[in-house]
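> Below you'll find the structure I mean.
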Amino acid sequence: LRPKVDKAAAGYLNSLGGLGFVIEMKLALVPAFNVNVNYSYNLPHAAIQKHFVEQTEDSKDRVPGDYSWVVYSSESVNYIEKRVVVQEPSTGLYISDWELFDSTLKPLLQTYDQQKFAAYPLAENILAAVIEQPKNFTVYEANQYLPGSEHQAVKHVEMELFLEPTDIAQFLGVFESVLRDCPSCGYYHAYPIALRAIMPDDMPIWMSPFQNKPRVSVSFFTYLDLSSSDAPTEKLQPFTAFCDRLLTEVVCNLTMDVKYHRGKYMVPDWIGASELEKDFVAGWHDFLALRGREDPKHKINSAYLQTFGKSMKSK
């Protein structure tokens, strides 16, 4: 199947998971490149939104060259790490300190009181100290630097939402004033939020959040220790309740257009919800038809696909 040529390719390359096993893959590689890194610190919400709006405007006609992201602890402690492709030699070796940061915070992220009174102040202080350190203009090799957060080194759960660039300031304001602290959930979101722009797809992909428009990824990481629990679902419940409250406020009350990463965590009750899937009903029926032809016995399946299918049955 040839992307952009064969219609069914958009179904095999979809955001629900594949319909078979990969036995051969051809990679469209790009030449190695470098990025220069500069920083902007402690920006108000409106300035963070302005950054993403400017980064994504006219994105359909732009070759990807800006890999910037935002690390947000609060409106008074945040930074934009501007990563722009350059035709210049590397000037430094990148050594990530995120694994140390994660390892330090994880023991303090297990209960509500720890999250609010220990982890969050510590995270703010660590990021503030990093921000105060002088930064030199540096060029890094992209294949070393861009995956450099090393989050996989410390086990975690992540919910990743995709928002409109023009909603970022309002979202951050509501998160800061209303959503971060959820005593009824038994959860205080202490870990910094990561935000990055994602440009539109350059080929048809059924049910993709990035068809025809850019989005801003907003990632929520929790480091609740599930490995030592016999009931991980119950152990994760405070984060589940926090995510449910956040989605209710942002999607239902503020009526923002929100999509999510189907390969990461999502509150079970929101999987297949009309508020999140209203743009994907036709794509779902196309997927069902393709699945019926190619995999009529549903040998390729997942718990997510089963839950999603039940929710989408009436749509």
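Take any residue in the sequence shown, count from 1 to its spot, add 18: that is its number in our numbering. Note that the Cβ used here is the ideal one computed from N, Cα and C, for glycine as well.
For my contact list, GLN180 and SER235 are in at a C-beta cut-off of 8 angstroms; report their separation, rounded to the angstrom.
A small correction: the amino acid at residue 180 is Phe; Gln does not occupy that position in the sequence shown. Contact holds; Cβ gap of about 6 angstroms.
> Which class does LEU41 belong to by DSSP, given the choice of helix, strand or coil?
According to the sequence shown, residue 41 is Ile rather than Leu. ILE41: coil per DSSP, three-state reduction.
> Taking the DSSP output, what are the residues bridged to GLU159?
ASN52
> Since ILE211 is in the alpha helix (DSSP H), which residue starts that stretch and which ends it?
Element bounds for ILE211: not the alpha helix (DSSP H) but the beta strand (DSSP E), 211 to 216.
> What residue does the beta strand (DSSP E) around ILE186 start on, and which one ends it?
In the DSSP assignment, ILE186 falls outside any beta strand (DSSP E) and lies within the alpha helix (DSSP H) extending over 186 to 192.
> Classify PRO210: buried if its beta carbon has 16 or more other beta carbons within 10 angstroms, exposed otherwise.
buried
> Which one or two residues does DSSP pair with ILE98 in a beta bridge?
SER58 and VAL88
> For PHE51, does the count of other Cβ atoms within 10 angstroms reach 16, so buried, or fall short, so exposed?
exposed
> If the criterion is Cβ atoms closer than 8 angstroms, does the pair GLU175 and TYR283 meet it?
Looking at the sequence provided, one finds Val at residue 175 rather than Glu. For VAL175 and TYR283, yes; Cβs fall inside 8 angstroms.
> Check whether the region 120 to 137 touches the region 204 to 223, counting contact only when three or more Cβ pairs, one atom from each stretch, lie closer than 8 angstroms.
Between the region 120 to 137 and the region 204 to 223 there are three or more inter-stretch CB-CB distances shorter than 8 angstroms, so the stretches are counted as touching.
> Going by beta-carbon coordinates alone, are TYR158 and GLY110 separated by less than 8 angstroms?
With a cutoff of 8 angstroms on beta-carbon distance, TYR158 and GLY110 are scored as near each other.
> Compare the beta carbon distance of ALA26 and LEU308 with 8 angstroms and say whether it is the shorter of the two.
yes
> Quick check: the Cα distance between ARG20 and ALA249, rounded to an integer number of angstroms?
44 angstroms
> Using DSSP bridges, identify the partner residues of LEU181.
DSSP lists VAL234 as partners of LEU181.
> Out of GLU142, ASP243, VAL276 and SER86, which has the shortest C-alpha to C-alpha gap to GLU93?
It is GLU142.
> Report the three-state DSSP secondary structure of GLU176 (helix, strand or coil).
strand
> Helix, strand or coil for ASP287? Go by DSSP, reduced to three states.
Note: ASP287 maps to helix in three-state DSSP.
> With contact counted as at least three CB pairs below 8 angstroms, one residue from each stretch, are the region 224 to 238 and the region 287 to 302 in contact?
yes
> Under the rule that 16 or more other beta-carbon atoms within 10 Å means buried, what is SER86, buried or exposed?
Buried is the label assigned to SER86, since at least 16 other Cβ atoms lie within 10 Å of its Cβ.
> Just list the residues that DSSP pairs LYS277 with in beta bridges.
Paired residue(s): PHE180.
> I believe GLY66 touches VAL88 by the beta-carbon criterion, under 8 angstroms. Please report the beta-carbon distance rounded to the nearest angstrom.
Checking the sequence, you will find Ile at residue 66 rather than Gly. Contact holds; Cβ gap of about 6 angstroms.
> Quick one: grab the DSSP three-state call for VAL23.
coil
> Give the secondary structure of TYR112 by DSSP, where H, G and I count as helix, E and B as strand, and everything else as coil.
coil
> Sorted by chain position, which residues of the same chain lie with C-beta nearer than 6 angstroms to ALA46's C-beta, five sequence neighbours on each side aside?
none
> Look at the alpha carbon of ASP219 and the alpha carbon of GLY290, and state the distance between them as a whole number of angstroms.
Inter-residue distance for ASP219 and GLY290 is about 22 angstroms (C-alpha atoms, whole angstroms).
> Taking the straight line between their C-alpha atoms, what separation do you get for VAL23 and MET221?
9 angstroms
> Looking at C-alpha atoms only, which residue of VAL196, LEU123, PHE239 and SER245 is the closest neighbour of ASN271?
VAL196
> Just confirm the distance between the C-beta atoms of GLU182 and ASP275, as a whole number of angstroms; I'd bet it's less than 8 angstroms.
6 angstroms
> Applying the criterion that 16 or more other CB atoms from any shown protein chain within 10 Å of the CB defines a buried residue, is GLY83 buried or exposed?
exposed
> So, is ASN154 buried or exposed, given that buried needs 16 or more other C-beta atoms within 10 angstroms?
It counts as exposed.
> For ILE113, which residues of its own chain have a beta-carbon under 7 angstroms away from its beta-carbon, when the five flanking residues on both sides are left out?
Contacts found: none.
> Going by Cα to Cα distance, which pick from ASN60, GLY29 and THR74 is closest to ARG233?
THR74
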